[in-house]
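A short write-up of the structure that comes next.
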Amino acid sequence: MRITVFAVGRMKSGPERELADRYFDRLKKTGSPLGLEFNAVTEITESRAQQPDLRKQEESAKVLEALDQGGVLVLLDERGKTMPSEDFAHAIARFRDDGKRQLLLAIGGPDGHDADLRKRADLVLALGAMTWPHQIVRILVAEQLYRATTILSGHPYHRV
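So the sequence shown is numbered by this note's numbering: it starts at 1 and just counts up by one.
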């Protein structure tokens, strides 16, 4: 299963990008033997529409363009559910074992995701009750994807 992180907003060079890239590199190495291929981070610029609803609709349309037919859509959204790392890892494994060929994790823009996109999502996930800057969300997503592969492979990185 190919894993793509879709992000509204671009991440500049610097320590945050370096840390995210470090975890994505680890994900590439640990995911492959598990049938989990890290594909890429797809970045788009924020919509320039005047109203928040229009911005969310435009950005959501681009998310759907990046999603393959039959692909799994996971939205990162403050209204989503929280789950332990083990449950996240096993959800990814279930998607893979069900024959899904793509997992797209979408990080929304400053206005969040469109309500229709949330309804379409296979999983709406929150990284806690707090609001996080885009750069930190990307690092957290990269680390949790890497952690998921270590959990699924029995690697000692994840300790309870």
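Just so you know, even glycine gets a beta-carbon here, dropped at the ideal spot from N, CA and C.
Review point. What are the boundary residues of the alpha helix (DSSP H) that Asp77 is part of?
Key: Taking the sequence shown and counting its residues from 1, the one referred to as residue 77 is at position 77. Element bounds for Asp77: not the alpha helix (DSSP H) but the beta strand (DSSP E), Val72 to Lys81.
Practice item. Could you pull out every residue in the same chain whose Cβ sits closer than 7 Å to the Cβ of Thr150, ignoring the five residues on either side in sequence? Key: In the sequence shown, counting from the first residue as 1, residue 150 sits at position 150. So the list reads Thr30, Tyr157 and His158, once near-sequence residues are dropped.
Check your understanding: What's the C-alpha gap between Thr82 and Gly128?
Key -> Within the sequence shown, the letter at position 82 stands for residue 82. Within the sequence shown, the letter at position 128 stands for residue 128. The straight-line gap from Cα to Cα measures roughly 6 Å.
Review point. Curious, which full-length alpha helix (DSSP H) runs of at least 4 residues does the segment 95–159 contain?
Key: 115–120 and 134–153
**Study point:** Sequence-distant residues of its chain with Cβ nearer than 6 Å to His134 (five each side left out)
**Key:** What you label residue 134 is simply residue 134 of the sequence shown in a count that begins at 1. The residues are Gly9.
Practice item. Leaving aside the five residues before and after Arg55 along the sequence, list all residues of the same chain whose C-beta is less than 6 Å from its C-beta, in chain order. Key: The count along the sequence shown starts at 1 and reaches residue 55 at position 55. Cβ within range, chain order: Ser47, Ala49 and Asp111.
Practice item. Please confirm whether Ala126 and Ala89 have their CB atoms less than 8 Å apart. Key: As a first step, residue 126 is located in the sequence shown; it is residue number 126 there, counting from the start. As a first step, residue 89 is located in the sequence shown; it is residue number 89 there, counting from the start. Not closer than 8 Å, so no.
Point to revise | Strand pairing of Thr4, partner residues [DSSP] | key: By 1-based counting over the sequence shown, the position of residue 4 is 4. Its beta-bridge partners are Ala40 and Leu104.
Point to revise | Expected contact under 8 Å - CB spacing of Glu16 and Ile139 to nearest Å | key: Walking along the sequence shown from the start, residue 16 turns up at place 16. Walking along the sequence shown from the start, residue 139 turns up at place 139. So it is a contact: roughly 6 Å between Cβ atoms.
Exercise for review: Select from Glu18, Phe38 and Asp116 the residue whose C-alpha is nearest the C-alpha of Leu27.
Suggested key: Translated into the one-based positions of the sequence shown, residue 27 becomes position 27. When each option's Cα is compared against that of Leu27, the closest is Phe38.
Exercise for review: Take the Cβ of Gly70 as the centre, count every other Cβ of all protein chains shown within 10 Å, and call the residue buried at 16 or more, exposed below.
Suggested key: By 1-based counting over the sequence shown, the position of residue 70 is 70. By the 10 Å Cβ count, Gly70 comes out exposed.
Check your understanding: Taking the Cβ atom as the reference point for each residue, do Arg182 and Asp68 lie within a distance shorter than 8 Å?
Key -> Nothing can be reported for residue 182: it is not among the residues displayed for the chain, which extend from 1 to 160.
**Study point:** Nearest-angstrom beta carbon gap, Ala93 and Leu152 [assumed within contact, 8 Å]
**Key:** In the sequence shown, residue 152 corresponds to position 152, counting from 1. In the sequence shown, residue 93 corresponds to position 93, counting from 1. Right, their Cβ atoms sit about 6 Å apart.
Review point. When the Cα atoms are used, what is the spatial distance from Thr45 to Gln57?
Key: Translated into positions along the sequence shown, residue 45 becomes position 45. Translated into positions along the sequence shown, residue 57 becomes position 57. If you take the alpha carbons of Thr45 and Gln57, they lie about 14 Å apart.
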